[in-house]
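Visitor:
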Amino acid sequence: MKKIKAGLIQMGLKADTNESPETIRDLMNEAHIQLIDQAGEKGVQILCMQEVFNQPYFCPSQDTKWYAAAEKVPDGPTIQLLKQYAKKHQMVIIAPIYEEDIPGVYYNTAAVIDANGEYLGKYRKTHIPQVAGFWEKFFFKPGQSNWPVFETQYGKIGVYICYDRHFPEGWRALALNGAEIIFNPSATVAGLSKYLWELEQPAAAVANGCYIAAINRIGNEAPWDIGTFYGSSYFVNPRGEIEAQASEDKDELLICDLNLELVREVRNQWQFFRDRRPEAYEVLTKGE
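Counting from 7, one number per residue, gives the positions in the sequence shown under our numbering.
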């Protein structure tokens with residue numbers, strides 16, 4: 007049986023948003039390192055943090071101050087730091103951060119670091135919302151990453167970020183490209199989306215015969231106070247069963263053993279990939 011031990015970190019903000027982005031970054035990185043070390047001690051092989059993990063969710067604002075939070079990937083300070091910890095613990099680390107491509111061009115990105123400390127690549131958030139409280143197009147350019155799947159030392163993984171999860175096409179593209187586990191780092195608050203939190207990812211896991219790991223931050227973030235980030239990070243298996251779930255209001259390292267042989271078993275049982283009819287779906291790509 008091919009089992010891997012996976013972990014998720016959900017966390018509240020550790021600094022006042024009046025502080026500089028650099029100060030917030032350093033405090034959040036420090037807080038995460040403590041849990042990364044715990045994960046290493048407990049044998050976690052693949053670890054993922056929440057969306058833009060070392061900053062507040064600043065998108066309720068339209069304040070150019072937050073452009074200074076963006077870092078180069080992989081050459082910025084956070085990814086260089088995490089490469090050391092990935093190698094130290096022989097752990098794959100998925101690090102969702104705010105990325106600067108060039109000055110004035112910024113992405114919502116997840117960097118993937120292999121267990122030997124090697125940077126494997128990145129996924130840039132594809133679908134960018136622009137509604138009250140979530141002015142993400144002010145901060146992020148839509149990514150076109152072509153649905154990368156990363157062959158890590160422990161398994162084939164994909165990433166889909168927050169708002170992406172409402173669009174089933176990306177889940178399918180990642181699964182068709184070979185993903186056994188798809189990580190969905192998020193920043194989502196109580197309200198309409200909370201009902202969907204335990205609906206969409208289990209449905210996507212069943213439709214695509216893969217594990218999905220959903221990560222959400224916790225707490226309220228002033229001065230915006232758009233709502234409470236309700237945590238509840240979880241792992242769901244290819245049958246749509248939630249195997250482990252975190253609390254709603256605590257910093258937490260959630261660990262779960264994933265049986266990757268279940269991916270093949272479920273796909274052979276349901277044969278959704280065999281029975282799909284892509285030639286019948288041309289209307290989906292016409293854009294109108």
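Quick reminder that beta carbons are idealized off the backbone N, C-alpha and C, glycines included.
(1) Can F146 be considered in contact with the ligand FAD, in the sense that its beta carbon sits closer than 7 Å to one or more heavy atoms?
(2) Ignoring anything shorter than 4 residues or poking outside the segment 60-144, list the alpha helix (DSSP H) runs there in chain order.
(3) Under the three-state reduction of DSSP, which class applies to G225: helix, strand or coil?
(4) Classify F279: buried if its beta carbon has 16 or more other beta carbons within 10 angstroms, exposed otherwise.
(5) Does the beta-carbon of D22 have 16 or more other beta-carbons within 10 angstroms, so that it is buried, or is it exposed?
(6) If you follow the beta strand (DSSP E) that P191 is in, where does it begin and where does it stop?
(7) Please go through the same chain and pick out, in chain order, the residues whose beta-carbon is closer than 7 Å to the beta-carbon of G127, but skip the five residues on each side of it.
(8) Check each candidate in E57, A76, A138 and G215 and name the one with the smallest Cα separation from I108.
(9) So for Y287, helix, strand or coil by DSSP?
(10) Assuming A102 and A116 make a contact with CB atoms under 8 Å, what is their CB distance in whole Å?
(11) Determine the extent of the alpha helix (DSSP H) in which I39 is found, giving its start and end residues.
(12) Rounded C-beta distance between T194 and N222? I'm assuming under 8 Å.
(13) With distances taken Cα to Cα, identify the nearest neighbour of T29 among V165, W72, E47 and L259.
(14) Just reading off the alpha helix (DSSP H) that E206 is part of, what are its end residues?
(15) Can you say whether H38 is buried or exposed, counting buried as having 16 or more other CB atoms within 10 angstroms of its CB?
(16) Just curious, the alpha helix (DSSP H) that L266 is in, first and last residue?
(17) With respect to the beta strand (DSSP E) encompassing F241, which residues constitute its N-terminal and C-terminal limits?
(18) Three or more beta-carbon pairs under 8 Å between the segment 163-175 and the segment 77-89, yes or no?
(19) Nearest-angstrom Cα distance between G82 and E258?
(20) How many angstroms separate the CA atom of G293 from the CA atom of A286?
(21) I need the straight-line Cα distance from Y217 to F241, nearest angstrom please.
(22) Check this for me: beta carbons of C262 and A252, under 8 Å apart or not?
(23) Thinking C-beta only, is A196 closer than 8 Å to T234?
(24) Can you tell me where the beta strand (DSSP E) with G164 in it begins and where it stops?
(25) Please classify K8 as buried or exposed, where buried requires at least 16 neighbouring CB atoms within 10 angstroms.
(26) If contacts are defined as beta-carbon pairs under 8 Å, then G13 and A45 qualify, I think. What distance do you get, rounded to the angstrom?
(27) Can the beta-carbon of E206 be found closer than 8 Å to that of I248?
(28) Decide if R282 is buried, meaning its Cβ has at least 16 other Cβ atoms within 10 Å, or exposed.
(29) Report buried or exposed for L53, applying the criterion of at least 16 other Cβ atoms within 10 angstroms of its Cβ.
Guide: The short version:
(1) Looking for the ligand FAD in the displayed structure turns up nothing, as the structure carries no ligands at all.
(2) Whole alpha helix (DSSP H) segments, 4+ residues: 83-95.
(3) Locating residue 225 in the sequence shown gives position 219, counting from the first residue. In the structure shown, G225 sits in a strand (DSSP, three-state: E or B).
(4) On the sequence shown, residue 279 is found 273 positions in, with the first residue counted as 1. Classification for F279: exposed.
(5) Position 16 of the sequence shown holds residue 22. So D22 ends up on the exposed side.
(6) Taking the first residue of the sequence shown as position 1, residue 191 is located at position 185. For P191, the enclosing beta strand (DSSP E) stretches over residues I187 to S192.
(7) In the sequence shown, residue 127 corresponds to position 121, counting from 1. Excluding residues within five positions, the ones whose Cβ falls inside 7 Å are V118, P154 and F156.
(8) In the sequence shown, residue 108 corresponds to position 102, counting from 1. Of the listed residues, the one whose Cα sits closest to I108 is A76.
(9) Residue 287 sits at position 281 when you count from the first residue of the sequence shown. DSSP places Y287 in coil when its eight states are reduced to three.
(10) Taking the sequence shown and counting its residues from 1, the one referred to as residue 102 is at position 96. Taking the sequence shown and counting its residues from 1, the one referred to as residue 116 is at position 110. Per the sequence shown, the amino acid found at residue 102 is Pro instead of Ala. Taking a contact as a CB-CB distance under 8 Å, the pair P102 and A116 counts as one, their CB atoms being some 4 Å apart.
(11) Position 33 of the sequence shown, counting from 1, holds the residue named residue 39. Here the alpha helix (DSSP H) through I39 covers P27 to E47.
(12) Looking up residue 194 in the sequence shown gives position 188. Looking up residue 222 in the sequence shown gives position 216. With 8 Å as the limit, T194 and N222 qualify as a contact, their Cβ atoms being about 5 Å apart.
(13) The residue labelled residue 29 in the question sits at position 23 within the sequence shown. Proximity to T29 across V165, W72, E47 and L259 peaks at W72, based on C-alpha coordinates.
(14) The residue labelled residue 206 in the question sits at position 200 within the sequence shown. From DSSP, the alpha helix (DSSP H) with E206 extends over E206 to N214.
(15) Locating residue 38 in the sequence shown gives position 32, where the first residue counts as 1. The residue in question, H38, is buried, as its Cβ has 16 or more Cβ neighbours within 10 Å.
(16) In the sequence shown, counting from the first residue as 1, residue 266 sits at position 260. Premise fails: L266 is in no alpha helix (DSSP H) and is neither H nor E.
(17) Counted from its first residue, the sequence shown places residue 241 at position 235. From DSSP, the beta strand (DSSP E) with F241 extends over Y240 to V242.
(18) Contact check between the segment 163-175 and the segment 77-89: fewer than three CB pairs, one atom from each, fall below 8 Å, which does not count as touching.
(19) Residue numbering aside, residue 82 sits at position 76 when the sequence shown is read from its first letter. Residue numbering aside, residue 258 sits at position 252 when the sequence shown is read from its first letter. Their Cα atoms are separated by approximately 26 Å.
(20) Sequence index remark: in the sequence shown, residue 293 carries index 287 (1-based). Sequence index remark: in the sequence shown, residue 286 carries index 280 (1-based). Rounded to the nearest angstrom, the two C-alpha atoms are 16 Å apart.
(21) Here residue 217 refers to the residue found at position 211 of the sequence shown. Here residue 241 refers to the residue found at position 235 of the sequence shown. Near 7 Å, if we compare the C-alpha coordinates of F241 and Y217.
(22) Counting from 1 along the sequence shown, the entry for residue 262 is found at position 256. Counting from 1 along the sequence shown, the entry for residue 252 is found at position 246. Their beta carbons are not under 8 Å apart, which means C262 does not touch A252 by this criterion.
(23) Your numbering for residue 234 matches position 228 in the sequence shown. Your numbering for residue 196 matches position 190 in the sequence shown. Yes, they are a contact pair.
(24) Sequence index remark: in the sequence shown, residue 164 carries index 158 (1-based). Per DSSP, G164 belongs to the beta strand (DSSP E) from K162 to V165.
(25) As a working note, residue 8 is residue 2 in the sequence shown. Counting C-beta atoms within 10 angstroms of its own C-beta, K8 has fewer than 16 neighbours from the protein chains shown and is therefore classed as exposed.
(26) One-based indexing of the sequence shown puts residue 13 at position 7. One-based indexing of the sequence shown puts residue 45 at position 39. The Cβ separation is near 5 Å, so the contact holds.
(27) Start at 1 with the first residue of the sequence shown, and residue 206 comes out as number 200. Start at 1 with the first residue of the sequence shown, and residue 248 comes out as number 242. No. Outside cutoff.
(28) Counting from 1 along the sequence shown, the entry for residue 282 is found at position 276. Only exposed fits R282, as fewer than 16 other CB atoms lie within 10 angstroms of its CB.
(29) To locate residue 53, count along the sequence shown from 1; it is residue 47. The residue is buried, with at least 16 neighbouring Cβ atoms inside 10 Å.
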